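Counting from 1, one number per residue, gives the positions in the sequence shown under UniProt numbering. As structure tokens, the structure follows; a few thoughts come after it.
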Amino acid sequence: MLHNKFAESSLYIEERSFRRFVEACLEETVVVYVDHLLTQRNYIKEETIERMRLDEEVILDFFREYISVSKVENRVRILSDLRELASAESLDTFTLIYTNILEHQPDCPPEVVEKLVGLREGIPRKDAKEVVQECKEIYENSLVGGNPLKAATKHFSSNPHPVVPPNMDDMPSHDILTLVGLASSNLAL
Numbered sequence: 001m002l003h004n005k006f007a008e009s010s011l012y013i014e015e016r017s018f019r020r021f022v023e024a025c026l027e028e029t030v031v032v033y034v035d036h037l038l039t040q041r042n043y044i045k046e047e048t049i050e051r052m053r054l055d056e057e058v059i060l061d062f063f064r065e066y067i068s069v070s071k072v073e074n075r076v077r078i079l080s081d082l083r084e085l086a087s088a089e090s091l092d093t094f095t096l097i098y099t100n101i102l103e104h105q106p107d108c109p110p111e112v113v114e115k116l117v118g119l120r121e122g123i124p125r126k127d128a129k130e131v132v133q134e135c136k137e138i139y140e141n142s143l144v145g146g147n148p149l150k151a152a153t154k155h156f157s158s159n160p161h162p163v164v165p166p167n168m169d170d171m172p173s174h175d176i177l178t179l180v181g182l183a184s185s186n187l188a189l
């Protein structure tokens, strides 16, 4: 199991280096999860939103055992933000949530909103275009000299080698830790 792999690794790595390794695994897990969310082909339904919440809990619970709660919560916040964005019901809610995302993830392009809106069932095309246009304006207004306001972690870089199934709903919640294992195996100790 993954806990065993981490426990074994902690025996051979200096504590500070082990924490950095765990942080890197968490970061990679979040990046892969976000990439998967944005590249899936299925509509986002209520079940998908609930699944995202459960996955978030599993990731939080797992990593809290190895690094500080505040570090884990800060890194995983984007999953909660994207879940809220994916479940937004109105233009105002979409723009408010996207503005909040940009406060701590200024590298989040409006194409993320476009993709999530496109994956939602029941949003008329006209409304979707309006949401995306508003978010593009918010993003443009947040840029300083053509760049995001501050440096941020790269949750939105595309991963050329996705390592997750094509449908989030196909993977049982406990298997989200498989993502963590895959992320840790992609990182050098």
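The beta-carbon is built from N, C-alpha and C at its ideal position, and this holds for glycine as well. Since the model is a prediction, treat every value here as computed from it, not as a measurement.
Every alpha helix (DSSP H) of 4 residues or more that sits fully in the stretch 44-122 is shown, in chain order, as 46-64, 69-87, 91-104, 110-119.
Residue nearest to L116 within the set H36, M1, R16 is H36 (criterion: CA-CA distance). A7 sits exposed, since fewer than 16 C-beta atoms from the chains shown fall within 10 Å of its C-beta. Under the 10 Å beta carbon count, M52 is surrounded by 16 or more other beta carbons and is classified as buried. Per DSSP, R41 is not a residue of any alpha helix (DSSP H), being assigned neither H nor E.
With a threshold of 16 other beta carbon atoms within 10 Å, I97 meets it and is buried. If you compare the alpha carbons of D61, E114, S17 with that of E134, the shortest gap goes to E114. Inclusion of I138 and T95 in the CB contact set at 8 angstroms is warranted, their separation being smaller than that value. In summary, Y33 is buried, with 16 or more beta-carbon neighbours lying within 10 Å of its beta-carbon over all protein chains present. Pairwise C-beta distances place the stretch 17-30 in contact with the stretch 60-69, as three or more of them are shorter than 8 angstroms.
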